[in-house]
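Just so you know, the numbering used here puts 22 at position 20 of the sequence shown, and the rest follows in order with no gaps. Ideal placement from N, C-alpha and C gives every residue a C-beta, glycine not left out. Computed from a predicted structure; not experimentally measured.
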Amino acid sequence: MLSQRIAKDYLYIGKHIATDKASKQLKASLKEFNANQKKLAEMINDPEIKNLLEFVNMSLQELEGIVKKPFSLDNAQLVLDLSESMLEGSQYVVDSLTNLLKIKESKIVAVSGKQRMLAQRIAKYYIAYQAGIKDKNTVDQMNAAVKEFSQNHKILMENKDNTATINQKLAQVDKLWKIVYKFYLNIEKGGLPFIVFTTTDDITRKMDEITKLYVELYK
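What follows is the structure, given as structure tokens:
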């Protein structure tokens, strides 16, 4: 999620939209990502996973250097590419740790947790298109993230183990999603970058609360 949020914030700052919020969020996200990487490096001994962590660190350091530079389309494309590398590398680390430690992760927890990343991914590709990266991949990635979020949301809504509190919070996301997902799909038309920023952040926050409830439920 942080890899997607960092790239999104850089692009929003570059477009001079929600600049204060994006600047604060970018700074906080970089700090959290670095702290998480340090904790993992201290705790992990497996050579393959440590190697992957080092790769993610290299991508993070490069990205930190770019986000401090003036905005340009070339820098924006680099930030997008680095955020994809960081996402892929981080997911591989998580999957490797899960297998190494023989953790039986609940499918519902995994799906719920992924929704946080997808919400930020949606905003990242939406603003990337508005910033001038108007290729087919930007539109395709955006639409794929919206589609996957919708599919995952349906799985969570239909989960029979949901508590009343979880259902209540999912209903809040559902109400918001039914209104705004069409805005996201209208990427080529654009015109709603601030709404996209605020709604995807709201969804991310709500899904974080729901994921924590699922973790407690499936302990």
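A Cβ-Cβ separation of about 33 angstroms leaves A112 out of contact with K17 under the 8 angstroms criterion.
DSSP, read as helix, strand or coil, puts T167 in helix.
Put simply, of T165, V182, M3 and K171 the residue whose alpha carbon is nearest the alpha carbon of S31 is M3.
Remark: C-beta atoms of L82 and I135 approach each other more closely than 8 angstroms.
Counting of Cβ neighbours within 10 angstroms places M209 among the buried residues, the total reaching 16 or more.
Straight through space, the alpha carbons of A130 and D22 are spaced by roughly 18 angstroms. Around the CB of A20, 16 or more other CB atoms lie within 10 Å, so the residue is classed as buried. Here the C-alpha atom of E190 lies approximately 8 angstroms from the C-alpha atom of V141. A Cβ-Cβ distance of about 7 angstroms is found for the pair Q39 and L62, placing them in contact under the 8 angstroms criterion. Taken in chain order, the whole beta strand (DSSP E) runs of length 3 or more contained in the stretch 135 to 191 number zero. A Cβ-Cβ contact shorter than 8 angstroms links F151 with L120. By the neighbour-count criterion, in which 16 or more other beta carbons inside 10 Å mark a residue as buried, T165 falls on the exposed side.
Taking 8 angstroms as the cut-off, the Cβ atoms of I51 and S5 do not count as close. Linking N36 to D11 through their CA atoms gives a straight-line distance of about 17 angstroms. For P72, the number of other beta carbons within 10 angstroms of its own is below 16, and it is reported as exposed. Inter-residue distance for E66 and V58 is about 12 angstroms (C-alpha atoms, whole angstroms).
Its chain contains Y220 as the residues whose beta carbon lies nearer than 6 angstroms to that of S108, once the 5 sequence neighbours on both sides are disregarded; these appear in chain order.
Residues L178, V182 and F185 of the same chain have their beta carbon placed closer than 8 angstroms to that of T201, with the five preceding and five following residues left out of the count.
Shown here, D48 sits in coil according to DSSP, grouped into three states, outside any helix or strand. Judged by DSSP in its simplified three-state form, A20 adopts coil rather than helix or strand.
When C-alpha distances from L158 are compared across Q79, Y14 and T213, the shortest belongs to T213. Boundaries of the alpha helix (DSSP H) around F196: P195 to L219.
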